[in-house]
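Asker: Below: one structure in structure tokens.
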Ligand code: ADP
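In this note's numbering, the protein residues as written are 3 to 585.
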């Protein structure tokens, strides 16, 4: 079925004579057979977004529909790879065509020559359902890839092979209950805009720990949860995403570089290649997939990239893995949506974004979750989206709408970043809605006292914020000692605990157990000092022992192996010595 182009407007093409085509069909456009997707149809006229550069294309050129929706290929060989927004492998394309991607090139997403050792799990005669594991492939040294029965199929295994095969080789034959025979390879295709099925979704009840203190203790995200990282340029969004990619206890990372400048993305890619998985010492890329659609690449492919990344994430979830999807930045994605909507001459809503911006954002974040997979194992997709509002103004539509659909909000702050307080997550306007669901897990794993420790730390920070209003007006000197104590303790919390240097050898990551120890030590000092203050012993005397400053450096020493008990002792001795001096 083919039609004829009547109009070209940037990434948008209108073609007539496509009466039999459907919305969402992938089409091939012009003599170069550029890849496009039908956005809407009126009569036999289709509006098509083209995923490649459209220059040189004009009215009269032919458009052919494939009758298929935009899909990705899922199978071994995705890890360590770098894809563009419609899953074309960038390294292979570069090798073929050089730095600038030529148009219309067709390169399969999965390598067709590489052989994988397929190890069968299912046996002939066995009944299998969708999602069941047929066999495994060691995709990288870190990850065992499970070849599953595709969604929608159930039946009996007629035959299954063992050996080294390419992804297109038929490894298993399954007969369904109607007697139809299905030859299964190691590849599944899946339409990116449709969520992959699972058997049940749960309220997430386990944290994704990351070794980043302010995140793990104050604003944790659950595995299967959603978070937004809004912040102005230079506030540390990329560093936060990197730290999570590197240190979080997810099995697989899908990193989506969406609309950032080409050279920034190259830098990200280079850094990723260098990164070592701290747990295995192996390159982090062995459990990472990058999807990159930089600002110099066609805008329509950027729109598609988040669905491509999400579908890949869901596929690994279906194998029973915990996947973290980082999108940097969802603002650039929303701008792509806006540009295409404008070309479609749709009625604009707030700040020219289309009226469906909220529903698209909701649809994206709703695909996160902690699930029972079709085969009954647990798996999750955790989504962390960076938002880069112009001028750091959180009242703009992308930040506002994102905030409606995520349950964790790490608000990066220009003035903290300016003061070199990193991560610049502002503790006054960030929040997490996961905490209550995580309490049972914390009680079991972090200790019964964790909830109380956290509440007390937050309270001290809050009290400091209100005191600072007064201090700004009249200075700290005239405050009574119990209020000065709040300010001294909050300083230890801010500088000693919340600040964490991503580039420091030991400070970059802190075990949750050490984080708990730090909280206990800081609060022990507060309680001891409070006791002294109640007995009218001047706070100055305790400050002069240097114990507050010592606790600000505790993070480096704990990381270097010094036991937390020594800091407890230090605190107790300092308090006791002041008390003795005043006896
Ligand atoms: P954004 O992505 O928001 O534009 P970046 O993530 O690139 O900002 O951060 C800008 C700079 O801030 C970094 O190059 C680094 O110098 C500093 N920075 C951010 N986070 C940290 C951190 N946790 N530790 C140390 N430095 C940081």
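From the three backbone atoms N, C-alpha and C, an ideal C-beta is built for every residue, glycine too.
Got a sec? Which residues, its chain only, sit under 7 Å from residue 98 by beta carbon, not counting five neighbours each side?
Answerer: Within the chain shown, the letter at position 96 stands for residue 98. These residues qualify, in order along the chain: 107, 109.
Asker: Does the stretch 461-478 come within contact of the stretch 174-182, defined as at least 3 CB pairs closer than 8 Å?
Answerer: Short answer: they don't touch.
Asker: Which same chain residues, not among the five before or five after residue 123, have their C-beta less than 7 Å away from its C-beta?
Answerer: On the chain shown, residue 123 is found 121 positions in, with the first residue counted as 1. 135, 136, 137, 138, listed in sequence order.
Asker: Below 8 Å, can you find three or more Cβ-Cβ pairs linking the stretch 286-295 to the stretch 26-33?
Answerer: Touching, no.
Asker: Cα separation between residue 2 and residue 485?
Answerer: Residue 2 is absent from the model: the chain starts at 3 and stops at 585.
Asker: Looking at the secondary structure, which residues open and close the alpha helix (DSSP H) in which residue 563 lies?
Answerer: Taking the chain shown and counting its residues from 1, the one referred to as residue 563 is at position 561. Per DSSP, residue 563 belongs to no alpha helix (DSSP H) and is neither H nor E.
Asker: Tell me the start and end of each unbroken beta strand (DSSP E) in the stretch 192-278 that is at least 3 residues and wholly inside, in chain order.
Answerer: Taking only runs of at least 3 residues, the beta strand (DSSP E) segments lying wholly in the stretch 192-278 are 202-204, 228-232, 254-260.
Asker: When every heavy atom of ligand 1 is checked, does at least one fall within less than 7 Å of the C-beta of residue 238?
Answerer: For the purposes of this step, residue 238 is identified with residue 236 of the chain shown, where counting begins at 1. For ligand 1, at least one heavy atom lies less than 7 Å from the Cβ of residue 238.
Asker: I want to check one thing, is the minimum distance from the CB of residue 400 to the heavy atoms of ligand 1 below 7 Å?
Answerer: Within the chain shown, numbered from 1, the residue matching residue 400 stands at position 398. No - ligand 1 has no heavy atom lying nearer than 7 Å to the Cβ of residue 400.
Asker: Just mark residue 258 as buried or exposed, buried being the case when its beta carbon has 16 or more other beta carbons within 10 Å.
Answerer: Locating residue 258 in the chain shown gives position 256, counting from the first residue. When all chains shown are included, residue 258 counts as buried.
Asker: Considering just the uninterrupted stretch of the alpha helix (DSSP H) at residue 68, what are its terminal residues?
Answerer: One-based indexing of the chain shown puts residue 68 at position 66. Unbroken run through residue 68 is the beta strand (DSSP E), 64-71; no alpha helix (DSSP H).
Asker: Determine the direct distance from the alpha carbon of residue 227 to that of residue 356, and round the result to whole angstroms.
Answerer: By 1-based counting over the chain shown, the position of residue 356 is 354. By 1-based counting over the chain shown, the position of residue 227 is 225. Going by the C-alpha atoms only, they are around 26 Å apart.
Asker: Anyone know if the C-beta pair for residue 379 and residue 322 falls short of 8 Å?
Answerer: Taking the first residue of the chain shown as 1, we reach residue 379 at position 377. Taking the first residue of the chain shown as 1, we reach residue 322 at position 320. Yes.
Asker: Does the distance between the C-beta of residue 428 and the nearest non-hydrogen atom of ligand 1 fall short of 7 Å?
Answerer: The sequence position of residue 428 within the chain shown is 426, counting from 1. Not so, every heavy atom of ligand 1 lies at least 7 Å from the Cβ.
Asker: Measuring only from the beta carbon, is residue 233 closer than 7 Å to any heavy atom that is part of ligand 1?
Answerer: Residue 233 sits at position 231 when you count from the first residue of the chain shown. Residue 233 Cβ: within cutoff of ligand 1.
Asker: Which stretch, first to last residue, makes up the beta strand (DSSP E) that contains residue 523?
Answerer: The count along the chain shown starts at 1 and reaches residue 523 at position 521. Not the beta strand (DSSP E): residue 523 falls in the alpha helix (DSSP H), residues 514-536.
Asker: Keeping to the same chain, check which residues put their C-beta closer than 7 Å to that of residue 501; ignore five residues upstream and five downstream.
Answerer: One-based indexing of the chain shown puts residue 501 at position 499. Answer for residue 501: 423, 424, listed in chain order.
Asker: To which residues of the same chain is residue 531 closer than 6 Å at the C-beta, ignoring the five residues directly before and after it?
Answerer: For the purposes of this step, residue 531 is identified with residue 529 of the chain shown, where counting begins at 1. Around residue 531: 487, 544.
Asker: Give a single yes or no on whether residue 502 has its beta carbon closer than 7 Å to a heavy atom of ligand 1.
Answerer: Against the chain shown, residue 502 aligns to sequence position 500. Residue 502 Cβ: within cutoff of ligand 1.
Asker: Can you find a heavy atom of ligand 3 that lies under 7 Å from the Cβ of residue 370?
Answerer: Absent from the structure shown: ligand 3. Ligands present: ligand 1.
Asker: Taking the C-alpha atoms as reference points, what is the distance between residue 73 and residue 194?
Answerer: Translated into positions along the chain shown, residue 73 becomes position 71. Translated into positions along the chain shown, residue 194 becomes position 192. The straight-line gap from Cα to Cα measures roughly 5 Å.
Asker: What residue from 328, 359, 349, 324 has the CA that sits closest to residue 338's CA?
Answerer: Taking the first residue of the chain shown as 1, we reach residue 338 at position 336. Considering only alpha carbons, the answer is 359.
Asker: Taking 7 Å as the cut-off, is the beta-carbon of residue 389 closer than that to any non-hydrogen atom of ligand 1?
Answerer: Here residue 389 is taken as the residue at index 387 of the chain shown, counted from 1. Incorrect: residue 389 has no Cβ contact closer than 7 Å to ligand 1.
Asker: Measuring alpha carbon to alpha carbon, tell me which residue in 58, 441, 111 is nearest residue 221.
Answerer: Counted from its first residue, the chain shown places residue 221 at position 219. Measuring from the Cα of residue 221, the nearest candidate turns out to be 441.
Asker: Enumerate, from N- to C-terminal direction, the unbroken beta strand (DSSP E) stretches of 3 or more residues contained entirely within the stretch 295-366.
Answerer: The stretch 295-366 contains these whole beta strand (DSSP E) runs: 324-330.
Asker: Please state if the CB of residue 384 and the CB of residue 225 are separated by a distance shorter than 8 Å.
Answerer: Reading the chain shown from its first residue, position 223 is the one you call residue 225. Reading the chain shown from its first residue, position 382 is the one you call residue 384. Yes.
Asker: What number of angstroms, rounded off, separates the C-alpha of residue 63 from the C-alpha of residue 53?
Answerer: Here residue 63 refers to the residue found at position 61 of the chain shown. Here residue 53 refers to the residue found at position 51 of the chain shown. Approximately 17 Å between the Cα atoms of the pair.
Asker: If you reduce the DSSP assignment to three classes, tell me which class residue 285 lands in.
Answerer: The count along the chain shown starts at 1 and reaches residue 285 at position 283. Looking at residue 285 - three-state DSSP - the assignment turns out to be strand.
Asker: Tell me which residues share the same chain as residue 374 and place their Cβ nearer than 7 Å to its Cβ, disregarding the 5 neighbours each side in the sequence.
Answerer: As a first step, residue 374 must be located in the chain shown, where it is residue number 372. 200, 201, 202, 380.
Asker: Residue 388 lies in the alpha helix (DSSP H); which residues open and close that run?
Answerer: Here residue 388 refers to the residue found at position 386 of the chain shown. Per DSSP, residue 388 belongs to no alpha helix (DSSP H); it is in the beta strand (DSSP E), 380-389.
Asker: What is the DSSP secondary structure of residue 2, counted as helix, strand or coil?
Answerer: Outside the displayed span of the chain (3 to 585) sits residue 2, for which this structure offers no information.
Asker: List, from N- to C-terminal side, the alpha helix (DSSP H) runs of 4 residues or more that fit wholly inside the stretch 406-448.
Answerer: Whole alpha helix (DSSP H) segments, 4+ residues: 416-420, 437-447.
Asker: Under the three-state reduction of DSSP, which class applies to residue 36: helix, strand or coil?
Answerer: As a position in the chain shown, residue 36 is number 34, starting the count at 1. In this structure, residue 36 counts as strand in the three-state DSSP scheme.
Asker: Buried or exposed: residue 235, going by 16 or more other Cβ atoms within 10 Å of its Cβ?
Answerer: Position 233 of the chain shown, counted from the first residue, corresponds to residue 235. The residue is exposed, with fewer than 16 neighbouring Cβ atoms inside 10 Å.
Asker: Are residue 463 and residue 419 touching if we call contact CB-CB under 8 Å?
Answerer: In the chain shown, residue 463 corresponds to position 461, counting from 1. In the chain shown, residue 419 corresponds to position 417, counting from 1. Cβ atoms of residue 463 and residue 419: not closer than 8 Å.
Asker: In angstroms with no decimal places, state the Cα-to-Cα distance between residue 93 and residue 8.
Answerer: For the purposes of this step, residue 93 is identified with residue 91 of the chain shown, where counting begins at 1. For the purposes of this step, residue 8 is identified with residue 6 of the chain shown, where counting begins at 1. Approximately 35 Å, taken between the alpha carbons.
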